[in-house]
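Below is one structure; the comments refer to it alone.
There are 2 protein chains.
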Amino acid sequence: MMNDYPSILLSDAVSSFASLPGVGKKSALRMALGMLKRSDDEVRAFTDSILRLKNETHYCRVCHTISDTELCPICASTGRDRTLVCVVENVRDVLTIENTGQYNGLYHVLGGIISPMEGVGPKDLEIDSLVSRVEQGGVAEVILALPTTMEGDTTNFYIYRRLAPSGVRVSQLARGVAVGNELEYTDEVTLGRSIINRTEYKA
Amino acid sequence: MMNDYPSILLSDAVSSFASLPGVGKKSALRMALGMLKRSDDEVRAFTDSILRLKNETHYCRVCHTISDTELCPICASTGRDRTLVCVVENVRDVLTIENTGQYNGLYHVLGGIISPMEGVGPKDLEIDSLVSRVEQGGVAEVILALPTTMEGDTTNFYIYRRLAPSGVRVSQLARGVAVGNELEYTDEVTLGRSIINRTEYKA
């Protein structure tokens, strides 16, 4: 629907917005027409922020998260526990964990997880750099915080084996019934495992 | 949530995307990180299409729809019925009506509707230009296709009175039960009016 735009430039802009994740043709049209209502300066600020994101950001040379500087603010911070390294799939996971306010260590962003189906192998990920980071010393524990999927589990196991020679402690996120969930709505695999892996009740 | 981005440039780009209609902070972050995965050329094409939309499009000098040229393709077309002018609130409505495939006349985009609550009066809209267009002759019928709201009705009435001296025929979209709707789910005002304004059954 809506193929016959009276303007090719409008059509092009709509296609651009529709290329964003989760944006359909109707929303894209609303976004494009919304741009026409903004001032020249506002539209320029909008596009500049995207170009600067693309052209001026780096990936931190230690943890590979996105950063304005060669070393990200987390790696550069003196207030974080440098003996803990939390391994995550992507930058979004760093932000998600930071938002819990429960973690004060460092990170290591893999840039993906092992997925033979999608042709992603260990060499495509920041795993070698994780191993060297641990081998350089100073890391007491590596916390695996990857998705609880088959690919996540495969990646966990691969990393675990690569790190074994170093003797570093390797942990993973606790798995079980989500806080606030009714048992009725918890999937059977999770519930079954949470019975097997039950923990002592502490009042 | 998600206030502490490791990058100010990322934070700025997320704010830009979050300024789009219907986009929350989480979707905006996904959009921004998605830009980092595109090539330089792709990102440049994305921002260029927006800048060109803003800087190079016109509003058609006759019907005021968005156009790449001074006269839009609809007004410039020789295949359209030039005696019909359909009055709509905005460019989106032109596209919506074009998509029905049921209309072959011209348009007149008001750029809004009369709304005292929002401080929009007749002078803020393309109403004078509609009146002159009709006075110049050649228009047999003006079809009012504004929203069926109080503001739409007010605008319809205002335009009707302004056009009365010209003697042009003024019509409005048929109102009634939507095609495919159960009566049970049709609102009472619409249903009540559709009884009063019932039409002859044609087999």
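Chains as they are written, first to last, in this note's numbering: chain A, -1 to 201; chain B, -1 to 201.
We put the beta carbon where it would ideally sit given N, CA and C, even for glycine.
Pairing A/A16 with A/E87, the inter-Cα distance amounts to about 26 Å. Classified as exposed, A/I194 has fewer than 16 neighbouring CB atoms from the shown chains inside 10 Å of its CB. Identification of residues in the segment 22 to 38 of chain A having a C-beta nearer than 8 Å to some C-beta of chain B yields S25, L27, R28, M29, A30, L31, G32, M33, L34, R36 and D38, given in sequence order.
Per DSSP, the continuous alpha helix (DSSP H) segment holding B/T153 begins and ends at M148 to L161. Looking from the CA of B/S130, the closest CA among B/T153, B/N102, B/G117 and B/V166 belongs to B/V166.
Beyond the five residues adjoining it in sequence on each side, A/V92 comes within less than 7 Å, by CB distance, of T63, V86, Y105 and V107 in the same chain, given in chain order. Looking at the DSSP output, A/E139 bridges to A/L82 and A/R167. At a cut-off of 8 Å between C-beta atoms, B/E186 does not count as an interface residue with respect to chain A. Sequence-ordered contacts of the segment 41 to 67 of chain A with chain B read V41, F44, T45, S47, I48, L49, R50, L51, K52, E54, T55, T63, I64, S65 and D66 [C-beta pairs closer than 7 Å].
Contact check for A/V60 and A/V140: beta-carbon distance about 14 Å, past the 8 Å limit, so the pair fails to qualify. Relative to the Cα of A/R50, the nearest Cα in the group B/L51, B/T67, B/I6 and B/V175 belongs to B/I6. Listed in chain order, the non-local C-beta contacts of B/C58 below 7 Å within the same chain comprise S65, L69, C70 and C73, local neighbours out to five positions each way being set aside. A/E96 belongs to the set of residues whose beta carbon lies under 8 Å from a beta carbon in chain B. For A/P19, the residues of chain B that pass the 8 Å Cβ criterion are S25, R28, M29 and G32, in the order they occur in the chain.
Between the segment 120 to 137 of chain B and the segment 171 to 179 of chain B, the count of Cβ pairs shorter than 8 Å is below three; the stretches do not touch.
When only Cα atoms are considered, A/T98 and A/D151 end up about 23 Å apart. Within chain A, the residues P4 have their CB atoms less than 8 Å from the CB of B/P71, given in chain order. Our two residues, B/F155 and B/V89, have alpha carbons roughly 21 Å apart in a direct line.
By the rule that beta-carbons nearer than 8 Å mark a contact, A/L82 does not touch chain B. At least one CB atom of chain B sits nearer than 8 Å to the CB of A/L7. At a Cβ-Cβ threshold of 8 Å, B/I95 and B/A143 count as neighbours.
Within chain A, the C-beta atoms nearer than 8 Å to that of B/D10 come from S47, R50 and L51, in chain order. Counting only residues of its own chain and dropping the five nearest sequence neighbours on each side, A/P120 has a CB closer than 7 Å to the CB of I112 and Y156. Exposure of A/P19 is indicated by the presence of fewer than 16 other C-beta atoms within 10 angstroms of its C-beta.
Judged by their CB atoms, B/S164 and B/E133 are nearer to each other than the 8 Å cut-off. Interface flag for A/S14 against chain B is set, since a Cβ pair is found closer than 8 Å.
Beta-bridge annotation (DSSP): B/I64 is paired with B/Y57. Taking 8 Å as the threshold, the shortest C-beta distance from B/R90 to chain A falls below it. Under the 8 Å criterion on CB atoms, A/L189 is classed as non-interfacial with respect to chain B. When DSSP states are grouped into helix, strand and coil, A/Y199 belongs to the coil group.
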